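Peer 1: Take 196 as the starting number for the sequence shown in the numbering used here and just add one per residue.
Built from N, CA and C at the ideal position, the CB exists for glycine as well.
Predicted model only: the values in this text are computed from it and were never measured.
Input: one structure, supplied below.
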Amino acid sequence: MGGIGVCHTFVDESADLEMAHDIILNAKTQRPSVCNALDTVLIHSYIAPKFLPILLQGFSDKKVEMRCDTRKFKYYWQNK
């Protein structure tokens with residue numbers, strides 16, 4: 196349950212993945228009911244194989260539900 200805003204974060208192929216992970220987890224879990232809490236994460240396809248398992252573990256640790264398109268869903272099952 197969030198506020199009215201729909202906030203997105205895009206992780207580019209040149210991103211520092213540790214920093215992206217920390218920013219995303221903070222934006223999603225620190226205060227999830229505020230209007231500027233993170234709703235959507237967009238990840239460049241080149242880094243998805245490396246970054247998604249890291250992000251999925253962080254979300255799992257914080258009990259965050261993740262919804263993915265079919266191309267990214269395979270990373271969920273590989274790391275479950």
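Which one or two residues does DSSP pair with I238 in a beta bridge?
Peer 2: On the sequence shown, residue 238 is found 43 positions in, with the first residue counted as 1. According to DSSP, I238 bridges with V206.
Peer 1: Between the Cα of T235 and the Cα atoms of L250, Y241, P244, which residue gives the shortest distance?
Peer 2: To locate residue 235, count along the sequence shown from 1; it is residue 40. Per the Cα distances, L250.
Peer 1: Apart from the five residues just before and just after R226, which ones in its own chain have a Cβ nearer than 7 Å to its Cβ?
Peer 2: By 1-based counting over the sequence shown, the position of residue 226 is 31. Cβ neighbours of R226 beyond the five flanking positions: A232.
Peer 1: Leaving aside the five residues before and after M261 along the sequence, list all residues of the same chain whose C-beta is less than 6 Å from its C-beta, in chain order.
Peer 2: Counted from its first residue, the sequence shown places residue 261 at position 66. Taken in chain order, the residues that qualify are F254.
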